[in-house]
């Protein structure tokens, strides 16, 4: 088969808008398809989608990178082969792939063997991908192939953060900073669909406007002086904060959180916080809860929730698979909001 | 009645071992007993016990101090009067007092009206104390009056931190830093009685030795270079950390905690941590959970646990009520481990 294969990380100090920066390290090339392993299914991909993880790996900013790598954690496709006698019914089905591999038996945390689809395993920016049979799921009936490809990694991460670790209930108030990110956007859509009142923050007015169109009650710019106080006056305290940014914004969460509330952390794009006020934490009986990806149970619950609520992911850009390097560039410059999906044409 | 009444905080820069430092601000004096309020019981105190809170208030290092104040959150006594028709059966009973006043209806967090017994309400360093009838509990049958007085504030705080917020189960591994403190010692005794494997840390070898006598599997000195690595080699990772110190020790907890584990914070005697590694938090799916005092349900559960396990609190010093200033001094110098209890003789 053919696939986009990454042979090294980008040279340091490469400018994101520089021409042809990816051509040196990322090649569309022929890759041998090995015999299908027992318990695995082979899927012909119809659509795939980008995540920040793909960019971090391309930039060499991810632990344990191995080359060559076929990236891509999100995919929708058609099952063409199954090496498991009891799972032959999957052949010919249109499927969405759970990107959590080898989670293990503990709902609280992934096992030591845990991997995310796409490095070190081969990912979805390719004609075919092999996954364990248990990672196959039927596509929610109202979604197109492109929409289905926008679900897996970000949807799963947001679902676990919001509902499993965050315990969100209808009628609660939620704050989602960094609303530009894919997981943040999913958390917004999931929380709105669950009947929560959602407020967002960003450094971009247009991202806040998009969030309001998607159902947010309102938003605030971090760049606005006294934004924490202003947000409290508008919205009151929050039962849940779903955070992927951290950094200098993090300490304000212990002001914004309601007594007994939960702060779920799934990322730290702005780095570690400069401080944390423990007295406020314990007097408020607040919870700070780490969350990453999700279990097989979480993925199934996400798809059931999407099916029930007829939620459609916010896809901003659709490009052909051949444009993967350009898509990475677009993700790097960071202006987009919503998923970038790649369509795989038959060749 | 007579009571120890605090009229001001100690002058700043007073040396803890200086003579007569408390005499200026703390007076044993006659105080008018008002008519008993509806829903309240009047208790003749038989024993009371000190907590760090009493010291912080005496030093002026506590929010919202009002003078004059009768301190004391821990007490055991005999009910002499009840102003509630349906609670007359309490008269003549020997009781232990729940120091959590007006918790409210939410198990997750105290209400805005919440108070701790002893400032602004009148506390237990007195001949009598008035408390709401629902704060009366029978003394566990195997405890002396002195032991009973050592239970309330520290036992309640430790019970909630360890079992309610911390979710400790038999067979789990627990780490308790700052083992000198009253709550830490209670957490040790409760966790050992619940069948957990408990490790402690201190800057004092003798406190570690006492902890081992009380059932700890072992302990480590923070002053030992590489103590985190040494502890991991000896004990492995911990399912639960119960912390009252914070400060520069706190960041090591995200190394010591097992994947999916819980770090419960009930205090911060060493201040706020210099950093917190969010990536380690979310990848380990760890929980950092604030905890303070406990609900009425928690207090009842603590007493039932003590009754069932026949646990006896570790009382280090017994003094007469008249020696309250000397007891404060002893607490201030910080060398003791275990509770300081005051016996109230009939006068």
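Protein chains in written order, with our numbering: chain P, 1165 to 1511; chain E, 1165 to 1511.
Every residue gets a Cβ at the ideal spot worked out from N, C-alpha and C, and that includes glycine.
The model shown is predicted, which means the values in this text are computed figures rather than measured ones.
Judged by DSSP secondary structure, residue 1470 of chain P falls within the alpha helix (DSSP H) whose first and last residues are 1460–1473. Beta-bridge pairing by DSSP links residue 1231 of chain P to no other residue.
Setting aside the 5 residues that flank it on each side, residue 1218 of chain E is surrounded in the same chain by 1235, each with a C-beta closer than 6 Å to its C-beta; the list follows chain order. Interface residue (Cβ-Cβ distance to chain E less than 8 Å): residue 1446 of chain P is classified as such. The Cβ atoms of residue 1328 of chain E and residue 1408 of chain E lie no closer than 8 Å to each other. In summary, the residues of the stretch 1440–1465 of chain P whose CB is separated from some CB of chain E by less than 9 Å are 1440, 1441, 1442, 1443, 1444, 1445, 1446, 1447, 1448, 1449, 1450, 1451, 1452, 1453, 1454, 1455, 1456, in the order they occur in the chain. Three or more pairs of CB atoms, one per stretch, sit closer than 8 Å, so the stretch 1222–1239 of chain P contacts the stretch 1273–1287 of chain P.
The C-beta separation of residue 1403 of chain E from residue 1422 of chain E comes to about 5 Å, placing the pair in contact by the 8 Å criterion. When rounded, the separation of the alpha-carbon atoms in residue 1297 of chain E and residue 1245 of chain E is 10 Å. At a cut-off of 8 Å between beta carbons, residue 1351 of chain P makes no contact with chain E.
Residue 1312 of chain P is positioned such that its CB atom lies no closer than 8 Å to that of residue 1167 of chain P. Residue burial is scored here from C-beta neighbours: residue 1225 of chain P has fewer than 16 other C-beta atoms within 10 angstroms and is therefore classed as exposed. Within 10 angstroms of the beta-carbon of residue 1341 of chain P lie 16 or more other beta-carbons, which makes it buried. For residue 1321 of chain P, the enclosing alpha helix (DSSP H) begins and ends at 1316–1323. With respect to residue 1383 of chain P, residue 1357 of chain P sits apart: the two C-beta atoms are not nearer than 8 Å. In the DSSP assignment, residue 1481 of chain E is bridged to E/1504. Any Cβ of chain E closer than 8 Å to the Cβ of residue 1436 of chain P would place that residue at the interface, and such an atom is present. In this model, residue 1317 of chain E and residue 1215 of chain E are separated by some 8 Å (Cα to Cα). Cβ contact annotation for residue 1181 of chain P (same chain, cutoff 8 Å, sequence separation greater than five): 1493, 1497, in chain order. The beta carbon of residue 1300 of chain E sits closer than 6 Å to the beta carbons of 1205, 1254, 1259 from its chain, once the five residues preceding and following it are set aside; these are given in chain order. In the DSSP assignment, residue 1198 of chain P falls outside any beta strand (DSSP E) and carries neither an H nor an E. Across the structure, residue 1438 of chain E and residue 1439 of chain P are spaced so that their CA atoms are roughly 6 Å apart. As a beta-bridge residue in DSSP terms, residue 1363 of chain P pairs with P/1339, P/1382.
Under the three-state reduction of DSSP output, residue 1426 of chain P falls in the strand class. Interface residue (Cβ-Cβ distance to chain E less than 8 Å): residue 1269 of chain P is not classified as such. Distances from the alpha-carbon of residue 1213 of chain P to those of P/1509, P/1430, P/1481 put P/1481 closest. Looking from the CA of residue 1396 of chain P, the closest CA among P/1416, P/1379, P/1406, P/1387 belongs to P/1416. Within the same chain, Cβ atoms closer than 8 Å to the Cβ of residue 1334 of chain E are found at 1358, 1359, 1360, the five residues on either side in sequence being excluded.
Less than 8 Å divides the Cβ of residue 1210 of chain E from the Cβ of residue 1309 of chain E. The beta carbon of residue 1429 of chain E sits closer than 8 Å to some beta carbon of chain P. Using beta-carbon distances, residue 1338 of chain E does not count as an interface residue toward chain P, since no partner is under 8 Å. Restricting attention to E/1435, E/1445, E/1368, the CA atom closest to the CA of residue 1441 of chain P is found in E/1435. Sequence-distant Cβ neighbours of residue 1502 of chain E in its own chain, meaning closer than 7 Å and more than five residues away, are 1349, 1478, 1479, 1480.
With contacts defined as CB atoms closer than 8 Å, residue 1277 of chain P and residue 1268 of chain P qualify as a contacting pair.
Residues of chain E with a Cβ closer than 9 Å to the Cβ of residue 1365 of chain P do not exist, since the nearest Cβ in that chain sits about 17 Å away. DSSP places residue 1218 of chain E in no beta strand (DSSP E) but in the uninterrupted alpha helix (DSSP H) bounded by 1216–1222.
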